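Heads up: the structure comes next, in structure tokens.
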């Protein structure tokens, strides 16, 4: 746990649990998934129980996020088992506990099981309310399923509800995007996540892009971004990260934990972790993950593994921190990770240039991106100076 910097007490700890099962694959989705079967689900739970039991954590978990895949594909009794395994690990009082649900997998029985076990936040994968755009994304339900699912979630009365929306869908107009946001606000969720469609390798949409059937229009995407940035705050939703908006007090703690370069443990196939100056990713294959779990996971069993220096963490704290509207404090990052002043001199010069170009706000070590800077955030990230000086 960052023992070089003695920052242990400042770190919150997140737990991510990946449920890899999906009945079908959406055309845009690149997350690891498996078609469910009784045997696979049984094997998954045996592996999950063993992996969770083998964890040695130095403090209780502050946030839990169950993602996928489609966690809601599990039956009510299986969700009950999943939650029980998580509870056995020890959660801090007041933990934020989120589960992702697809509209066509929501039932009142499942929701009540989740709430009984302590799940207090639901993230509903709406993506769009437009039937034609749903079809373009390869979604297997219509708008009526979204409204029915949301009604069920509201009636069970979770503490917080998020809606995921996607923009930049092929042939989507700005008016369709505005309509999606308006319909989302009519449901009055506590939180909204708005993501620009990305064409990930090995997805149906990527292959259509490669064949020239689809195209990417950065100017059009910028219009969608800017419309959300203007519209949602007018309706009371504060933007706190490039893609995320919340009513006061409802920002997602689990995601903030990541963007602030704290620590998290990922459980299940393809799940990633950052803990005690190490970062690793479990195998993106159910059978290989189970083999690793049974063997106790040596370094070679992971799909990815890296030991992190303080310079690695400082660099990522800058990259991830700039996604947040509040930006970063260079002096605080330097103190936290004990990085040489030379690196921050280079960073200061870099952000002074960005400030002069209207892409960043920079004053006394406090840095945040402007609206234009946020649109170009990915490009800016590739240009940020990398620490070269040794740690002091």
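In the numbering used here, the protein residues as written are 283 to 674.
Cβ atoms here follow ideal geometry from the backbone N, Cα and C, with glycine treated the same way.
All figures in this text were calculated on a predicted structure; none of them were measured in a lab.
| Query | Result |
| --- | --- |
| In the DSSP assignment, what residue or residues form a beta bridge with residue 405? | 382 and 444 |
| Taking residue 513 as part of the alpha helix (DSSP H), name the residues at either end of that continuous run. | 500–516 |
| Return the chain-ordered list of same chain residues with a C-beta closer than 7 angstroms to the C-beta of residue 594, the five sequence neighbours on each side being excluded. | none |
| Where does residue 639 fall in DSSP's three states? | coil |
| Within the same chain, show all residues whose beta-carbon is closer than 8 angstroms to that of residue 492, passing over the 5 residues directly before and after it, in chain order. | none |
| Less than 7 angstroms between C-beta atoms, sequence neighbours within five positions excluded: which residues of the same chain meet that for residue 596? | 615, 619, 621 and 669 |
| For my contact list, residue 602 and residue 546 are in at a C-beta cut-off of 8 angstroms; report their separation, rounded to the angstrom. | With 8 angstroms as the limit, residue 602 and residue 546 do not qualify as a contact, their Cβ atoms being about 12 angstroms apart. |
| How long is the line joining the alpha carbons of residue 498 and residue 657, rounded to whole angstroms? | 15 angstroms |
| Between which two residues does the alpha helix (DSSP H) containing residue 537 stretch? | 535–541 |
| Taking all protein chains shown into account, do 16 or more other C-beta atoms lie within 10 angstroms of the C-beta of residue 711, making it buried, or fewer, making it exposed? | Since the displayed the chain opens at 283 and closes at 674, residue 711 lies outside it and no answer follows. |
| How is the alpha helix (DSSP H) around residue 437 delimited, first residue to last? | 425–438 |
| Taking only the alpha-carbon atoms, compute the straight-line gap between residue 660 and residue 641 and give it to the nearest angstrom. | 12 angstroms |
| Which residues share a DSSP beta bridge with residue 649? | 610 and 644 |
| To which residues of the same chain is residue 504 closer than 8 angstroms at the C-beta, ignoring the five residues directly before and after it? | 657 |
| Excluding the 5 residues flanking residue 467 on each side, which residues of the same chain have their C-beta closer than 6 angstroms to its C-beta? | 517 |
| On the DSSP bridge list, what partners appear for residue 591? | Note: residue 591 sits in no beta bridge, so no partner. |
| On the premise that residue 345 lies in contact with residue 296, defined as a C-beta separation below 8 angstroms, what is that separation, rounded to the nearest angstrom? | 4 angstroms |
| Quick check: what's the CA-CA separation for residue 553 versus residue 348? | 11 angstroms |
| Kindly indicate which residue of 633, 607 and 494 has the alpha-carbon position closest to the one of residue 533. | 607 |
| Thinking just about the alpha-carbon of each residue, which of 436, 365, 611 and 529 is nearest to the one in residue 396? | 365 |
| Would you mind stating whether residue 385 and residue 423 have Cβ atoms separated by less than 8 angstroms? | yes |
| Checking 8 angstroms against the spacing of the C-beta atoms, do residue 471 and residue 444 come in under that value? | yes |
| DSSP three-state label for residue 347, please. | strand |
| If you check the beta carbons only, do residue 529 and residue 521 fall under 8 angstroms apart? | no |
| Jot down the residue ranges of each uninterrupted alpha helix (DSSP H) in the stretch 452–479, minimum 4 residues, whole runs only, in chain order. | 456–469 |
| Which first and last residues belong to the beta strand (DSSP E) in which residue 299 is found? | 295–301 |
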